[in-house]
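The structure under discussion appears below in the form of structure tokens.
Number of protein chains: 4
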Amino acid sequence: MTTSRRRFLATVGSAAAGGAAGLGASSARPVSGASAGVSAAGATPAELLDRHVAGDPPAAAAGAPALQDDPRMPTPDEVASWYTDRRNWGRWGPDDQRGAVNLITPEKSAAAAALVRTGRRVSASRVFEPEQHFMRVNPGAAGSGSVVDYYGFIYHGQTITHIDALCHMWDSDGMWQGRDPDAEITTRGAAFGAIDAWSDGIVTRGVLVDVPRHRGVDYVTPDRPVHGWELEEIAAAQNVAMEPGDALLVYSGRDAFLRDGGQYGGGARPGLSVTCAKFIRDHDVALLGWDMMDARPDPYGLAWPVHGVLFNYGVALLDNALLEPLAQACVEEGRDEFMLVIAPLRVFGGTGSPANPLAVF
Amino acid sequence: MTTSRRRFLATVGSAAAGGAAGLGASSARPVSGASAGVSAAGATPAELLDRHVAGDPPAAAAGAPALQDDPRMPTPDEVASWYTDRRNWGRWGPDDQRGAVNLITPEKSAAAAALVRTGRRVSASRVFEPEQHFMRVNPGAAGSGSVVDYYGFIYHGQTITHIDALCHMWDSDGMWQGRDPDAEITTRGAAFGAIDAWSDGIVTRGVLVDVPRHRGVDYVTPDRPVHGWELEEIAAAQNVAMEPGDALLVYSGRDAFLRDGGQYGGGARPGLSVTCAKFIRDHDVALLGWDMMDARPDPYGLAWPVHGVLFNYGVALLDNALLEPLAQACVEEGRDEFMLVIAPLRVFGGTGSPANPLAVF
Amino acid sequence: MTTSRRRFLATVGSAAAGGAAGLGASSARPVSGASAGVSAAGATPAELLDRHVAGDPPAAAAGAPALQDDPRMPTPDEVASWYTDRRNWGRWGPDDQRGAVNLITPEKSAAAAALVRTGRRVSASRVFEPEQHFMRVNPGAAGSGSVVDYYGFIYHGQTITHIDALCHMWDSDGMWQGRDPDAEITTRGAAFGAIDAWSDGIVTRGVLVDVPRHRGVDYVTPDRPVHGWELEEIAAAQNVAMEPGDALLVYSGRDAFLRDGGQYGGGARPGLSVTCAKFIRDHDVALLGWDMMDARPDPYGLAWPVHGVLFNYGVALLDNALLEPLAQACVEEGRDEFMLVIAPLRVFGGTGSPANPLAVF
Amino acid sequence: MTTSRRRFLATVGSAAAGGAAGLGASSARPVSGASAGVSAAGATPAELLDRHVAGDPPAAAAGAPALQDDPRMPTPDEVASWYTDRRNWGRWGPDDQRGAVNLITPEKSAAAAALVRTGRRVSASRVFEPEQHFMRVNPGAAGSGSVVDYYGFIYHGQTITHIDALCHMWDSDGMWQGRDPDAEITTRGAAFGAIDAWSDGIVTRGVLVDVPRHRGVDYVTPDRPVHGWELEEIAAAQNVAMEPGDALLVYSGRDAFLRDGGQYGGGARPGLSVTCAKFIRDHDVALLGWDMMDARPDPYGLAWPVHGVLFNYGVALLDNALLEPLAQACVEEGRDEFMLVIAPLRVFGGTGSPANPLAVF
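Have a look at this one:
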């Protein structure tokens, strides 16, 4: 990485140490009662927003559990190797911004369409309530009229169904293709790896892996994250073979978990282990959709255990997908594959897009 | 209509007459230089917004041209009849909120998928630059980080590719199904005919009608609006027969018009004549997509000449579609039909959604 | 009231009964886990916003305590009389939109300025963190540059220091001057009683009434609301006589209450009793500033026990003032009166304004 | 400056050269008709926003006129010296964030209050129409209700009356006190020189310098910018002696200029010459308020000819003040001095604040 990259890391370090740039940390905000802005619940609106969008693992390493006893668990070096030695950087040329979505060729899209039989359509989007949703009525002549509305929102976080662009995350080695985030990310948008790289849409074969059905439970629990080898087992049991360019949808039962009083946010939570990254790379998955995301804390202390497939492999991520109705439809249709269509908004320089993914059987 | 409906109309009338409710009219805003807020260009930011979202015909009747000499032009009574006697209100039950999208059955979606051959994907969305697009960088531990962005926008108007929900417009007889807008439209969202009625998506056969290709010109001009009988002619010439539930995409060459210096906004503009409404109703079209919209002024003095298909027939509207690349693809593929997929965001109570429509050949 | 006013009430009633207009109630939003949008904490972002802005007493009458035993407590009829027989409607002409701020004459402002001795300035504003606060950097030529930011917020609620315009609230008799809210409130702004009526600012004598100091406690507690007769006692003890056009600032120790773990939101909370309204009317107060607002629940079951001074008397309200530093300054300066300056933003049609009130000693 | 500062400049350079970071330049946005998003008027909403907030001189040096013949015009070296040798950096300590506002001592505020005689209040704010202004009605029990509104806006630019914080601008030597903008400006706010440094308000003597009155014209014209020596002449003619800590309000007749069809934006425009900076520094002015700002183009090719007083001298800037009514009031009151009160919103990390400045006679 360049000098500027090193400077960026130094700034990040000083921020963590509470320096001037520490404004970025919500803990630097004034908290004394006299300095106000504190709501009755002890959180300012800005803090609520921060919690909403935060994806940072809160002290990941600190609270990391001991590695599970399962002998299949990889060593830290093996995990590190997946995200360094097996990166897809350069695979589609040095300036490529589409990543593994390149695997969704026209032929792949045509094959996906050929899967359609009954035409049943199932949305994988949660209900979307933009944080700013306002109406404006325009009375017209002679009793006519119209109404428009304003949508304002940050879609990243743990609530809104959305797709991440390749620029959305990075680690100390940089963004997708090794690019430098402080060169590519401006206050006006992302200059590399933005969502408009995928404007012609994602039309591919979707494969649902239904973890609760396989385990015979209602949902994935914190003590038992989903592992890559379990994905292999379930795919085999469901009789589907992953193929390059497929969209992998991992259903973990988040809604059932919530109904049971479970908490699902940016902190400790059930979900997928970093071992799933190997599965994704081994099978050249193009898109990962999930209702539960990276399990936290991560025993390896990684910042982005599974989200790392985004900037290391160029794999599109569909976060907060609504998969319960789709899992039910798979049972009813007697098949776990379908045509999946995701049409990200064509936002110039955007870091992702809210989405309404459609499965068609 | 009910008493409350009459009250609403009275209020609208007083607004037009400059009463207290006249705040809704941009002309009621302070305009003297001394009262400030006036930018150098003579328009306040609020006025720019108003212009952006305004869909009201500015004095439609006043500037209405004489009816064209074409003997095929209907009488005003005939036009009125299309939008009263042939309404689809009640056709799918009194409480239906999906309108003509009901015609897109699973079988229809399956048939659309069966049209796919090469798998070529073409987006029909213009580049989307939200009026509020802001970035927030979250530095993480050890050089990791992420970036999120905020999108804020009104998508209605003449710029952003979007889909209108059935609640978006009305005339003196009311909204879709005759509902009363001042009962159904609240400042928190629409209680009837909102966009979430179409959350399972629109997957149907798309048919492109290419007016410039047929006419041998670059674009539709103000003096020669597109008529319903011309759509019939073009469809026949293109050898496609419209079927119930089809999506009709009318390409008028807006981008070529703009490149030639044409102005395309809420005022006078080239586009489609009200006679297209009859075509749409005759063929049970489910969705109308267009790059040029209602031609203005309308010789019949209608507020919503073609937009009327929204609340009278329940036909979904895809406004500001980008059709030039799609028209080119049709030529290259040698066919004017394809699978069209539109996945409106699942916005609770929303009056529509920005969209990235995908055509797959 | 007019027919339209009655219609409005009917609509409100049907909303409460869960009718179509009930969309306005957050309880009408989808709550099942499967229908998504539900965050881990069990609240959607929209619900968080609703809670933030909600000023409605949750079932005021239902949870109302028995009237206190204090023989000074008025009967319900007496309370009703204060807000009907003693209204200021028409007092400054039928079309007046300035209300009791009319009492702040130039002479009153000059007298306030004459109170200044040491020139010590104290802000009564809490720290303001707009819910949407975004930055945009504009690099310029030759190493120059600039940065702008975007502020987006709803300032009403229990967090941000702000001033309410006369249009902000109403009861079944209407808004200020008896105007009809569904005629005056449009989706584009308020046509009557908007904040721009006070654009030339509020410069008057401020009087701080320090309840904790008088009681010898840290803060007002839920079991002992502040009464009008107590304000009389404290003013006498502090040796200040209220005069017409004064700004009354009632300090209740909200920040100390929060530091002790108290909850201060839209539900049950300590604060001022409706009996303070009589004090305000008796003394022709022009503005009421407070850190704790209406005590809830109200034993009389009123929707707006003290907030009623806004639309009945035309008294400006300064909500969520930061009064602890000001109370301390009063002690240090040895006086409880000062020049108070509030300069509401000149927002056309606005329902209020965030504010940074300044006390100058 | 540090290494990181140099890096920043390099990035700025590459942006100007059209590199990856050039996304920040509006010229990098797609402009071909086919790539859409282009409104009828030829400008995207994002471009309208850019124009609104842009403060960058468009090719300042390129279009710079020859220096005027007036022998009082300084040499470029003299001008450079004003902004380097006479900087106020360090004057109030190395970490000071209040700048020349430190000159507004309590004694200064008290002296300002002592100027008040008639109590006449005059607002110097233009009407404020936030670009996002939306209403939300909350029906309550028993016919009660309330309405709140949302304000969203960027206040910098040439429209809204606002105050600039010291962090708002910089040149190649850095921000106020020589701080590094890429260390101090984060996407979450400014860590140094933010508007909350002035939360206790600006209460000082205001002096209006009325250029049109002195010249006997309606407004300042492009061919004759206001010079520092003219300010000296006018102040002498008006019989006011500037004193340290004063607020200088320069009235140039912008509204009369607009009424005559003048254009006032970010490009060529009448206003103040860089020679006014010397006047400001010589007299230790604390705040400069103006209706016309820096005259453009600047003959010396400076990015911020007069705006440079912000980051070099620490002088607060009140942009887009409405001064015509105030100038009229000065004539009527027979005096050009008054108490000026500006209360910036207490925005944590903000780059400025919209304001309603109040003059009290």
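Protein chains in written order, with the working numbering: chain A, 5 to 365; chain B, 5 to 365; chain C, 5 to 365; chain D, 5 to 365.
Glycine is no exception: its CB is placed at the ideal position from the N, C-alpha and C atoms.
{"Query": "Extent of the continuous beta strand (DSSP E) run through C/N360", "Result": "No beta strand (DSSP E) holds C/N360; DSSP gives it neither H nor E."}
{"Query": "CB contact check: D/Q157 to chain A, cutoff 7 Å", "Result": "The sequence shown places Phe at residue 157 of chain D, not Gln. Chain A contact via Cβ: absent."}
{"Query": "For C/Q101, the three-state DSSP class (helix, strand or coil)", "Result": "coil"}
{"Query": "Beta carbon proximity, D/F138 to chain A, threshold 7 Å", "Result": "yes"}
{"Query": "Distance between A/A128 and A/I346 (C-alpha atoms, nearest Å)", "Result": "10 Å"}
{"Query": "Spatially closest choice to B/G123 from A/G275, A/F157, A/T109, A/D89, by CA coordinates", "Result": "A/T109"}
{"Query": "C/G318 beta carbon less than 7 Å from that of C/G3", "Result": "The first residue shown for chain C is 5 and the last is 365, placing residue 3 of chain C beyond what the model contains."}
{"Query": "Neighbour flag for A/T208 against chain B, beta carbons, 7 Å", "Result": "no"}
{"Query": "Three-state secondary structure (DSSP) of A/Y268", "Result": "coil"}
{"Query": "A/S203 classed as buried or exposed, judged by whether at least 16 other C-beta atoms fall within 10 angstroms", "Result": "buried"}
{"Query": "Those residues which DSSP pairs with A/F157 across a bridge", "Result": "B/Y155"}
{"Query": "Assumed close pair C/L349, D/N360 - CB separation to whole angstroms, cut-off 8 Å", "Result": "6 Å"}
{"Query": "Chain B within 7 Å of D/V141, Cβ atoms only", "Result": "yes"}
{"Query": "Within 7 Å, strictly: CB atoms of C/D340 and C/Q242", "Result": "yes"}
{"Query": "Complete alpha helix (DSSP H) runs within the segment 94 to 149 of chain B (minimum length 4 residues, chain order)", "Result": "110 to 117"}
{"Query": "CB contact check: A/T403 to chain C, cutoff 7 Å", "Result": "Summary: the structure shown does not reach residue 403 of chain A, with chain A confined to residues 5 through 365, and so no result is reported for it."}
{"Query": "Assigned secondary structure, A/D168 (DSSP; H/G/I helix, E/B strand, else coil)", "Result": "strand"}
{"Query": "The segment 124 to 144 of chain B contacting the segment 133 to 143 of chain C, beta-carbon criterion three pairs below 8 Å", "Result": "yes"}
{"Query": "Cut-off 8 Å between Cβ atoms - residues of its own chain near C/V351, not counting five sequence neighbours on either side", "Result": "A198, I199, D200, S357"}
{"Query": "Inter-stretch contact (C-beta, 8 Å, three-pair minimum) for the segment 178 to 188 of chain A and the segment 209 to 220 of chain A", "Result": "no"}
{"Query": "Chain-ordered chain B contacts of A/K112 [CB-CB under 8 Å]", "Result": "G123"}
{"Query": "Rounded straight-line distance, which links the Cα of A/I164 to that of C/A118", "Result": "57 Å"}
{"Query": "Exposure of C/F342, with buried meaning 16 or more beta-carbon neighbours within 10 Å", "Result": "buried"}
{"Query": "Rounded straight-line distance, which links the Cα of A/G147 to that of B/L306", "Result": "12 Å"}
{"Query": "Check whether C/L344 and C/A320 have beta carbons under 7 Å apart", "Result": "no"}
{"Query": "Span separating the alpha-carbon of B/D295 from that of B/C334", "Result": "16 Å"}
{"Query": "CB contact below 7 Å: C/P248 versus chain D", "Result": "no"}
{"Query": "heavy atom of the ligand HEM below 6 Å from D/R217 C-beta", "Result": "As presented, the structure is devoid of all ligands, the ligand HEM included, so that no description of it is given."}
{"Query": "In DSSP terms, what D/T208 is bridged to", "Result": "D/L344"}
{"Query": "Given A/G270 as reference, the closest of A/Y155, A/Y255, A/G161 once Cα atoms are compared", "Result": "A/G161"}
{"Query": "Under the three-state DSSP convention, the category B/R300 falls into", "Result": "strand"}
{"Query": "Below-7 Å beta-carbon distance, C/N324 vs any chain D residue", "Result": "no"}
{"Query": "From A/G205, A/R217, A/E247, A/T355, residue whose alpha carbon lies closest to that of B/L362", "Result": "A/G205"}
{"Query": "A/G135 classed as buried or exposed, judged by whether at least 16 other C-beta atoms fall within 10 angstroms", "Result": "Before going further, note that residue 135 of chain A is Glu rather than Gly in the sequence given. Per the 10 Å Cβ criterion, buried."}
{"Query": "Beta-carbon neighbours of D/R217, restricted to chain C and to distances below 8 Å", "Result": "None at all; the shortest Cβ gap to chain C is about 23 Å."}
{"Query": "B/R350 at chain A interface by Cβ criterion, 7 Å", "Result": "yes"}
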